[in-house]
Amino acid sequence: MQERALPKNFVWGAASSSFQIEGTIPGDGRGPSIWDDFCAQPGKILDGSDGVIACDHLRLWPRDVELLSELGVKAYRFSIAWPRIFPDGRGAPNPAGLDFYKKLIDGLLDKGITPWVTLYHWDLPSALEKKGGWRNRDTALAFADYAAYFVEQLRDRVKHWITHNEPWCVAVLGHRTGEHAPGLKDPRAALEAAHHVLLSHGLAMKRIRELAPDAEAGITLNLNPAYPAHPGKREDEEAAHVYDGDFNRWYLDPVFRASYPKDMMQHYEKTGVIGAKGWDFIHAGDLDTIAQPNDFLGINYYSRAVLGDRGLEEAAARKDPKRYTGMGWEVAPEALQDLFVRLAKEYPAKAYYITENGAAYDDKLTAARQVDDPHRLRYYALHLSQVAQICARGIPLKGYFAWSILDNFEWAYGYEKRFGLVYVDYATQERIPKSSFHWLKEVIAANKVFDVL
Ligand code: FCB
C-alpha cells in the first residue's frame, strides 16, 4: 500500500455553516433569513423540515467544539448568520448574536483550534430580500457594512476570513433553477445576483484589509471540472466548454483577471438570457473592485461533470456506492488533481485551501449506537491521496476542511442526506462519531494517508 505524506504545517480542518447547524432559541434576536422563508413554502424541502432546531448548535456548541478537538483538527470553518448580527440586514446590531460567536470563537481558541470565518453561507436577511436581495446592487453595499462591523468586533481573535461560500449556488440554484432560496427561476436574475455577490466580495475585501491588515482573506468557490463524455467529439467538447464557462470561469475570471469570459458573455447574449437591457448591472470599475488581491482561494470540491449522452447503463450504476455518493454525485477523485494542475497554471494563487470535500451516504445507527460508514471513509481516503499528490507537485495547497463535522440540514434535501463525520440523532441531539471520524483522526495525527482501491 502506497503511503502518502502531507506537508508539515498542513492545515487540517472541518467545516459547517450557520443555517445548517445552529437552530434558534426563542428571543435570541436573530432576524428571519431567506432560508426560513423558503422552508415555509410547501414542497421546497424534501422532508418538509426547516432550520428551527437543526443540530441545536446554539446550545450544544461546547460539545461540538469538544468533538473538533477530539478529531484533532487545527482549524474550524463555520459561517456567521448575517441576520443574527443585523436582524434587518443593516441598522441596529443584535448584541446576543455577536456574543454567541464571541463565545464560540473563544471556546475554539481555548482548544487551540483556529477559527476560519465565512461571512456569507446563504442565509440572507429576509428584510434585504424584500428589497430585491442579490438582484439589488444595494445588497452588496449592505454586505460590506455587515462584514466590516463583524471584522472590527472580532479582528483581535479571528485571522482567517472568507467573504462568500459558493457564489455559483447563490446565483444559479437560488435564482435560475429555483432549488434554493429565494427560489427564483429567472436566468437573467442569476447573472445579476452573481455580479452583486462578486462585487460584495471585492467591497468586503477592501474593508477587511483596512480593518485587519494582519489577517488572511479570500473567497470560496465551488468548482466542478467538466469533461466531454467522448473526448474528441465536437458536441461533447463544446458542451463541456460552456459548462465550465458557466460554472467555473464565470467566477474565477472576475476574481483573478478582472473580466468575465468573453465567450460566455456572447453565449448569454445569443441564448437570450441577457435580453434587451444588456449588461446594465455591471458598472464601470466593478471588475477592478472584484479582483482584489486574495491571500488564498478556497475550493469546495465534490464531483466532476461529464457532458454528453451517458446512457442507461450510467443511470443504473448510480446506485453503486463506490462510484456514486448518496447524492448521486460521481466519486471522481482524479478530477481533483486535474483541477489543481489547471488552477496552478491558469489561476495562480498564493495559497489554495480545500474548504469543503466530503460525501453523503445512507448511514445506519446500529443497536449498539455505532455508525459504520466504509463508503465515506473510502471517499475521504481517495480524495486525500489526491491532495497529497497535489502537494507533492509543489502546488500551494495548504489545507483541507472536511464537510462536515456534523450531519446537518442539507438545504433542499432537509435532514435526509447525512454528510457528517459525526452522526446526529435528531430525536435526542446525541452526537455519535462515525467510523470515518475515528479513521480521519488517525490520518490527521499521522499527517499521512494510505492509498485505497
Ligand atoms: C456545498 C455547501 C454546503 C453543503 C455541501 C454538501 O455546496 O457549501 O453547505 O451543503 O455542499
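Counting the sequence shown from 1 gives a position; the working numbering is that position plus 1.
All C-beta atoms in this analysis are idealised placements derived from N, C-alpha and C, irrespective of residue type, glycine included.
Proximity winner among the options, relative to residue i (alpha-carbon distances)
{"i": "asparagine 225", "options": "Arg210, Arg208, Tyr244 and Ala216", "result": "Tyr244"}
{"i": "leucine 125", "options": "His161, Asn166 and Asn448", "result": "Asn166"}
{"i": "serine 17", "options": "Val118, Ala6 and Asp289", "result": "Val118"}
{"i": "phenylalanine 341", "options": "Gln387, Asn137 and Gln371", "result": "Gln387"}
{"i": "alanine 413", "options": "Cys170, Val74, Ile106 and Ala15", "result": "Cys170"}
{"i": "glutamine 293", "options": "Ala306, Leu407 and Glu217", "result": "Glu217"}
{"i": "leucine 109", "options": "Val152, Glu238, Arg91 and Pro63", "result": "Pro63"}
{"i": "lysine 203", "options": "Gly299, Asp287, Leu253 and Gly273", "result": "Sequence inspection shows glycine at residue 203; the lysine mentioned does not correspond to that position. Taking only the C-alpha atoms, the option nearest glycine 203 is Asp287."}
{"i": "glycine 309", "options": "Tyr303, Pro322 and Arg235", "result": "Arg235"}
{"i": "serine 19", "options": "Pro27, Pro232, Lys9 and Arg31", "result": "Arg31"}
{"i": "glutamate 335", "options": "His384, Leu344 and Gly279", "result": "His384"}
{"i": "arginine 138", "options": "Ser201, Trp251 and Arg158", "result": "Ser201"}
{"i": "glycine 421", "options": "Asp65, Leu155 and Leu129", "result": "Asp65"}
{"i": "phenylalanine 151", "options": "Tyr416, Lys131 and Ile209", "result": "Ile209"}
{"i": "tyrosine 401", "options": "Thr367, Thr356, Phe297 and Asp237", "result": "Thr356"}
{"i": "glutamate 180", "options": "Phe39, Met328 and Gly98", "result": "Phe39"}
{"i": "aspartate 57", "options": "Ile391, Asp29, Thr115 and Leu99", "result": "Asp29"}
{"i": "threonine 290", "options": "Ser260, Ala360, Tyr269 and Tyr302", "result": "Ser260"}
{"i": "isoleucine 283", "options": "Asp215, Leu192 and Gly90", "result": "Leu192"}
{"i": "phenylalanine 101", "options": "Glu315, Gly133 and Gly24", "result": "Gly24"}
{"i": "leucine 1", "options": "Gly52, Glu71 and Ala148", "result": "Outside the shown range of the chain (2 to 454) lies residue 1, about which nothing can therefore be said."}
{"i": "serine 80", "options": "Pro116, Asp111 and Glu239", "result": "Pro116"}
{"i": "glycine 1", "options": "Tyr325, Glu347, Leu174 and Leu105", "result": "Nothing about residue 1 can be reported from this structure: the residues present for the chain run from 2 to 454 only."}
{"i": "glycine 52", "options": "Lys449, Tyr427 and Trp440", "result": "Tyr427"}
{"i": "arginine 1", "options": "Ala389, Ala55, Glu347 and Ala227", "result": "Residue 1 is absent from the structure shown; the chain starts at 2 and stops at 454."}
{"i": "arginine 5", "options": "Cys392, Tyr424 and Met328", "result": "Cys392"}
{"i": "glycine 395", "options": "Glu71, Pro349, Lys323 and Glu417", "result": "Pro349"}
{"i": "lysine 132", "options": "Arg91, Gln390, Asn301 and Leu212", "result": "Arg91"}
{"i": "leucine 129", "options": "Thr178, Pro183, Val173 and Ala97", "result": "Pro183"}
{"i": "arginine 156", "options": "Lys103, Lys365 and Pro262", "result": "Lys103"}
{"i": "aspartate 146", "options": "Leu105, Met206 and Ala172", "result": "Met206"}
{"i": "serine 70", "options": "Val450, Leu441 and Leu454", "result": "Leu441"}
{"i": "arginine 305", "options": "Pro229, Tyr424, Leu313 and Leu378", "result": "Pro229"}
{"i": "glutamate 417", "options": "Pro27, Ile26, Ile275 and Ser50", "result": "Ser50"}
{"i": "asparagine 223", "options": "Gln42, Ile106, Ala447 and Arg250", "result": "Arg250"}
{"i": "alanine 141", "options": "Arg158, Tyr121 and Gln154", "result": "Tyr121"}
Host beta strand (DSSP E) of residue i (start-end)
{"i": "arginine 78", "result": "76-80"}
{"i": "glycine 299", "result": "297-301"}
{"i": "tyrosine 414", "result": "Looking at the DSSP string, tyrosine 414 is not in any beta strand (DSSP E), and its letter there is neither H nor E."}
{"i": "leucine 16", "result": "According to the sequence shown, residue 16 is alanine rather than leucine. Per DSSP, alanine 16 belongs to the beta strand (DSSP E) from 12-16."}
{"i": "arginine 177", "result": "Looking at the DSSP string, arginine 177 is not in any beta strand (DSSP E), and its letter there is neither H nor E."}
{"i": "arginine 138", "result": "First-last for arginine 138: 138-155, but that is the alpha helix (DSSP H), not the beta strand (DSSP E)."}
{"i": "glycine 400", "result": "398-404"}
{"i": "tyrosine 424", "result": "423-426"}
{"i": "valine 307", "result": "306-308"}
{"i": "glutamate 4", "result": "4-6"}
{"i": "histidine 284", "result": "Where histidine 284 is concerned, there is no enclosing beta strand (DSSP E), given that its DSSP letter is neither H nor E."}
{"i": "asparagine 166", "result": "161-166"}
Start-to-end residues for the alpha helix (DSSP H) that takes in residue i
{"i": "tryptophan 123", "result": "It is not in any alpha helix (DSSP H) - tryptophan 123 carries neither H nor E in the DSSP assignment."}
{"i": "tryptophan 83", "result": "83-86"}
{"i": "glutamate 443", "result": "436-447"}
{"i": "arginine 258", "result": "251-258"}
{"i": "isoleucine 106", "result": "96-111"}
{"i": "isoleucine 291", "result": "287-291"}
{"i": "lysine 263", "result": "263-271"}
{"i": "leucine 407", "result": "No alpha helix (DSSP H) holds leucine 407; DSSP gives it neither H nor E."}
{"i": "leucine 1", "result": "In this structure the chain extends from 2 to 454, so residue 1 is not present and cannot be described."}
Heavy atom of the ligand NAD within 8 Å of residue i beta-carbon
{"i": "tyrosine 303", "result": "You won't find the ligand NAD in this model; what it holds is the ligand FCB."}
Beta carbon proximity, residue i to chain C, threshold 9 Å
{"i": "alanine 194", "result": "Here chain C cannot be found, since the structure has a single protein chain."}
**Item:** alpha helix (DSSP H) runs contained entirely in the stretch 320-396, provided each spans 4 or more residues
**Value:** 334-347 and 375-393
**Prompt:** Contact between the stretch 6-16 and the stretch 66-78: three or more CB pairs below 8 Å?
**Reply:** With the cut-off at 8 Å, the stretch 6-16 and the stretch 66-78 touch.
**Request:** Would you mind listing the beta strand (DSSP E) stretches within the stretch 210-243 that are 3+ residues and don't spill past its ends, in chain order?
**Result:** 217-223 and 227-229
**Inter-stretch contact at 8 Å, needing at least 3 Cβ pairs: the stretch 429-444 / the stretch 356-375** = The stretch 429-444 is in contact with the stretch 356-375.
**Message:** As an exercise, report each continuous alpha helix (DSSP H) stretch of at least 4 residues that is fully enclosed by the stretch 11-74, in chain order.
**Reply:** Annotation note: the stretch 11-74 contains the following uninterrupted alpha helix (DSSP H) runs of length 4 or greater, listed N- to C-terminal: 19-22, 35-40 and 58-72.
**Message:** Taking 8 Å as the cut-off, does the stretch 45-59 touch the stretch 409-423 (at least 3 CB pairs, one atom from each stretch)?
**Reply:** The stretch 45-59 and the stretch 409-423 touch, with three or more beta-carbon pairs separated by less than 8 Å.
**Item:** Sufficient close CB pairs (3 or more, under 8 Å) joining the stretch 196-216 to the stretch 250-265
**Value:** yes
**Asked** Using 8 Å as the threshold, is the stretch 76-95 in touch with the stretch 24-38, meaning 3 or more CB pairs across them?
**Response** yes
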